[in-house]
Amino acid sequence: MSALTREKAEGLIEEVLSAYPESLRDERKKHLMVNDPSLEQSKKCITSNRKSQPGVMTARGCAYAGSKGVVWGPVKDMIHLSHGPVGCGQYSRAGRRNYYVGYTGVNTFGTMNFTSDFQEKDVVFGGDKKLAKIIDEMEMLFPLNKGISVQSECPVGLIGDDIEAVTKKSSAAIGKPVVPVRCEGFRGVSQSLGHHIANDTIRDFILERELDEKFSTSPYDVAIIGDYNIGGDAWSSRILLEEMGLRVVAQWSGDGTLAEMKRTPKVKMNLLHCYRSMNYISRHMESKYGIPWFEYNFFGPTKIAESLRAIAGHFDDRIKEGAEKVIAKYQPMVDAVNAQYLPRLKGKKVMLYVGGLRPRHVVGAYEDLGMEVVGTGYEFGHNDDYDRTIKEMGDATLIYDDVTELELEHFVTKIRPDLVGAGIKEKYVYQKMGIPFRQMHSWDYSGPYHGYDGYAIFARDVDMTVNNPCWKNMQAPWKRS
Amino acid sequence: MPKVILRRQGDGSLTCYVPKKDLEGKVASLEFNEDDRWGGRMVLEDGTALFIEPMKAPPIFPVEMRVSRG
């Protein structure tokens, strides 16, 4: 039973498009589709990874956000310098809740903000001397850092500073990797290019130069790739893999270290969670070191069991047995969660608009709770993401790419889902409209949501939001009669 | 001359990834797929045709190569 019929969904798209001027209408039309799971390829029905149109509100980020905020930022024992004006670093500081263990400011630097604080004179005369000085200063103040990455902000690219030359010199002087990352915000159409640039710098400056040759391997070594440990996600994934007998030697990059990255080319298999942000490095390691990679999904018990079995399928019988044991061990817990929350959540409708892997990965978790996802979309997905999404979503559901505020608001007011999951920019708009909302970029300050432990927290949070009595009291008492 | 990555899936089929286009597609047909001759015209599932310069032996997968339009 679907909440939407094909005609109704197509009607919704037509309605929302009629608000646009003609040229914009043609462009936006390509980004909205009604799903048909029998399709093999998305590119004939949906266009993605295109420049956002001027005049519409987009929720996208920039290349700097993709590199500093997503890929490099969580590497905890390196200092990530936001090279440019102070704002980019300060407003993105610690917002993504990439948890880690360590002493902040001593041997880990995840939640700190390092910036070169560009002033007018640095833009006029160039910031290279300042950069060299800052690197020396950071090395003096924080001697336990394992390396430095220089994350360029827009002005650095605009004035043409040669950060590569400075970092090369500094790297030799301090004897640690200093990585220049050319992730100026104006590059590309969204944060997606930042992921790619960051992946390429890891390849060029870490994997090509800094391999850990002494690391002793085992036949069960795996790396978790593309898990950023938001609210502890990577930890609740890691224990499942370890319980089934695998040895997790690296986490990329949530709670990850430089040493872990250096030894990753020695693993037997890369387990890829966020396909969008780290498929590049996985493909590189596959072609250069012959390490196969496998996409898994640790949201919701159905997908977890499926993924654990599929991962085990690449290893010997010991691991296969281990996987079955893990699934059996957690089954009572899953049953208890379902017994408690399924009756309260059954049949509720959800709409999602997030980034990376979640628009398709979390669908299974909602379905496990008896809920139905009626619309989903990516901020910065590419064709290959939509290929995978079409199969996950039901028939006649809405799929929207880089959806504008106008479109999403229209869809939500017309469909009236029981829950909307999107980012902080949407959160208060929908809550004020009286629609239960969760901020699904950093799990609304909760988490973890990965793994079996995460499923229990996820179910509790969804129930807490959907069945909250406050949504009935959105109207002022004197207007109620 | 797009650069592509060819990899063998678990079930033995080939997939072709075109990084510039984010196109990931199964290889529907390959002209020469023998031990002593490999390459030629390759058609992806969605109809995209590419041409691989025929080689003497199949490469070791995954492999990154330049191909031309078929």
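Protein chains in written order, with the working numbering: chain A, 139 to 619; chain B, 260 to 329. Note that beta-carbon positions come from the ideal geometry of N, C-alpha and C, so glycine has one too.
Report task. Give a yes or no on whether the C-beta atoms belonging to A/I286 and A/V316 are separated by under 8 Å. Result -> For the purposes of this step, residue 286 of chain A is taken as the residue at position 148 of the first sequence. For the purposes of this step, residue 316 of chain A is taken as the residue at position 178 of the first sequence. Cβ distance < 8 Å, so A/I286 and A/V316 count as in contact.
Query raised in the report: Taking Cβ-Cβ distances below 9 Å as the criterion, which residues of the region 278-297 of chain B are in contact with chain A?
Result: P278, K280, D281, L282, E283, G284, K285
Query raised in the report: Applying the criterion that 16 or more other CB atoms from any shown protein chain within 10 Å of the CB defines a buried residue, is A/E530 buried or exposed?
Result: In the first sequence, residue 530 of chain A corresponds to position 392, counting from 1. So A/E530 ends up on the buried side.
Query - Where A/M139 falls: helix, strand or coil (DSSP) - result: Position 1 of the first sequence, counted from the start, is the residue given in the question as residue 139 of chain A. In this prediction, A/M139 has a pLDDT of 42, which is less than 50 and means its spatial position is unreliable; what the coordinates show is noted afterwards. Coil at A/M139, not helix or strand.
Query raised in the report: Once you ignore the five residues that flank A/L155 on each side, which residues in its own chain have a CB closer than 8 Å to its CB?
Result: By 1-based counting over the first sequence, the position of residue 155 of chain A is 17. Excluding sequence neighbours, A/L155 sits near R163, R166, K167, L170.
Query raised in the report: Does the separation of the CB atoms of A/H411 and A/I362 fall below 8 Å?
Result: Here residue 411 of chain A refers to the residue found at position 273 of the first sequence. Here residue 362 of chain A refers to the residue found at position 224 of the first sequence. Yes, the pair counts as a contact, with Cβ atoms nearer than the cut-off.
Query raised in the report: Is the shortest distance between the beta-carbon of B/D270 and the beta-carbons of chain A less than 8 Å?
Result: Position 11 of the second sequence, counting from 1, holds the residue named residue 270 of chain B. Not one chain A Cβ lies under 8 Å of B/D270.
Query raised in the report: By Cβ distance below 6 Å, which residues in the same chain neighbour A/N283 in space, the five residues on each side in sequence not counted?
Result: Along the first sequence, read from residue 1 onward, the residue named residue 283 of chain A stands at position 145. Closer than 6 Å at the Cβ level, and outside the excluded window around A/N283, lie I217.
Query raised in the report: Should the region 512-524 of chain A be called in touch with the region 451-460 of chain A, which here means at least 3 C-beta pairs below 8 Å?
Result: no
Query - B/P321: contacting residues in chain A (beta-carbon distance under 9 Å) - result: As a position in the second sequence, residue 321 of chain B is number 62, starting the count at 1. Ordered by position in chain A, the residues that pass the 9 Å Cβ test against B/P321 are R421, E424, S425, G428, P430.
Query raised in the report: Are A/D215 and A/G264 close, meaning C-beta to C-beta below 8 Å?
Result: Position 77 of the first sequence, counted from the first residue, corresponds to residue 215 of chain A. Position 126 of the first sequence, counted from the first residue, corresponds to residue 264 of chain A. Their beta carbons are not under 8 Å apart, which means A/D215 does not touch A/G264 by this criterion.
Report task. Taking C-beta pairs closer than 8 Å, name the residues in chain B that A/D525 reaches, listed in chain order. Result -> One-based indexing of the first sequence puts residue 525 of chain A at position 387. The contacting residues are E283.
**Report entry** Cβ neighbours of A/S584 in the same chain (closer than 7 Å, five flanking residues each side left out)
**Finding:** Walking along the first sequence from the start, residue 584 of chain A turns up at place 446. The residues are G369, I595, D599.
Report task. With DSSP as the reference, please indicate the residues paired to A/D696 in a beta bridge. Result -> The structure shown does not extend to residue 696 of chain A, since chain A spans only 139 to 619, so no value can be given for it.
Query raised in the report: List, in order along the chain, the chain B residues whose C-beta lies closer than 9 Å to that of A/D522?
Result: Against the first sequence, residue 522 of chain A aligns to sequence position 384. Chain B residues near A/D522: Y276, D281, L282, E283.
**Report entry** Exposed unless 16 or more other CB atoms sit within 10 angstroms - verdict on A/W568
**Finding:** On the first sequence, residue 568 of chain A is found 430 positions in, with the first residue counted as 1. Before going on, a small fix: residue 568 of chain A reads as Tyr here, not Trp. A/Y568 should be labelled buried.
Query raised in the report: Skipping 5 residues on each side, what residues in its chain have a beta carbon closer than 7 Å to that of A/S308?
Result: The residue given as residue 308 of chain A occupies position 170 in the first sequence. Excluding sequence neighbours, A/S308 sits near A270, I273, V316.
Query raised in the report: Rounded to whole angstroms, how far is the Cβ of A/N435 from the Cβ of A/S445, which I believe are closer than 8 Å?
Result: For this step, residue 435 of chain A is matched to residue 297 along the first sequence. For this step, residue 445 of chain A is matched to residue 307 along the first sequence. That belief holds up - the Cβ atoms of A/N435 and A/S445 are roughly 5 Å apart, short of 8 Å.
**Report entry** Contact between the region 345-356 of chain A and the region 397-404 of chain A (3+ Cβ pairs under 8 Å)
**Finding:** yes
Query raised in the report: Taking the alpha-carbon positions, what's the A/L331 to A/A443 distance?
Result: Working through the first sequence from its first residue, we reach residue 331 of chain A at position 193. Working through the first sequence from its first residue, we reach residue 443 of chain A at position 305. Straight-line Cα distance between these residues: approximately 33 Å.
Query raised in the report: Which chain B residues are close to A/E178, counting only those with a beta carbon under 7 Å from its beta carbon?
Result: Here residue 178 of chain A refers to the residue found at position 40 when the first sequence is read from its first residue. Ordered by position in chain B, the residues that pass the 7 Å Cβ test against A/E178 are E304.
Query raised in the report: Under 8 Å between C-beta atoms, does A/N173 make it to chain B?
Result: Walking along the first sequence from the start, residue 173 of chain A turns up at place 35. Not an interface residue.
Requested in this report: Please look up how many angstroms separate the CB atoms of A/A160 and A/C226, rounded, as I've assumed it's under 8 Å.
Outcome: Along the first sequence, one-based indexing puts residue 160 of chain A at 22. Along the first sequence, one-based indexing puts residue 226 of chain A at 88. Correcting the residue type first, residue 160 of chain A is Glu in the shown sequence and not Ala. With a Cβ gap of about 36 Å, A/E160 and A/C226 do not count as contacting.
**Report entry** DSSP beta-bridge partners of A/D365
**Finding:** Locating residue 365 of chain A in the first sequence gives position 227, counting from the first residue. Answer by DSSP bridge pairing, in chain order: A/S391.
Query raised in the report: Leaving out five residues before and five after A/T603 in sequence, what residues of the same chain have Cβ atoms less than 6 Å from its Cβ?
Result: Here the question's residue 603 of chain A lines up with position 465 in the first sequence. Once the five neighbours on either side are set aside, the close Cβ partners of A/T603 are P574, R576.
Query raised in the report: If we count Cβ pairs, one from each stretch, closer than 8 Å, do we get three or more for the region 198-212 of chain A versus the region 547-557 of chain A?
Result: no
**Report entry** Assigned exposure category for B/S327 - 16 Cβ within 10 Å defines buried
**Finding:** Working through the second sequence from its first residue, we reach residue 327 of chain B at position 68. The residue is exposed, with fewer than 16 neighbouring Cβ atoms inside 10 Å.
Query - Interface residues of the region 251-265 of chain A facing chain B [CB-CB below 7 Å] - result: none
Query raised in the report: Among A/L384, A/D601, A/K181, A/L544, which has the Cα closest to the Cα of A/P481?
Result: The residue labelled residue 481 of chain A in the question sits at position 343 within the first sequence. Residue A/D601 is the option with its Cα nearest to A/P481.
Report task. Would you give the residue range spanned by the alpha helix (DSSP H) that B/C275 belongs to? Result -> Counting from one through the second sequence, the residue named residue 275 of chain B turns up at place 16. From DSSP, B/C275 is part of no alpha helix (DSSP H) but of the beta strand (DSSP E) over 273-277.
Requested in this report: Classify A/H548 as helix, strand or coil using the three-state DSSP reduction.
Outcome: Translated into the one-based positions of the first sequence, residue 548 of chain A becomes position 410. A/H548 falls in the helix class under three-state DSSP.
Query raised in the report: Taking just the CA atoms, how far does A/N417 sit from A/S374?
Result: Walking along the first sequence from the start, residue 374 of chain A turns up at place 236. Walking along the first sequence from the start, residue 417 of chain A turns up at place 279. Between A/S374 and A/N417, the C-alpha separation is close to 22 Å.
Query raised in the report: Would A/N606 be called buried (16 or more neighbouring beta carbons within 10 Å of its own) or exposed?
Result: Sequence index remark: in the first sequence, residue 606 of chain A carries index 468 (1-based). Exposed: under 16 other Cβ atoms inside 10 Å.
Query - Start-to-end residues for the alpha helix (DSSP H) that takes in A/M602 - result: Translated into positions along the first sequence, residue 602 of chain A becomes position 464. Element bounds for A/M602: 589-604.
**Report entry** Closest residue to A/L219 among A/M276, A/G149, A/K484 (Cα-Cα distance)
**Finding:** Residue 219 of chain A sits at position 81 when you count from the first residue of the first sequence. Nearest option by C-alpha distance: A/M276.
Query raised in the report: Does the pairing of the region 473-493 of chain A with the region 374-383 of chain A give three or more beta-carbon distances under 8 Å?
Result: no
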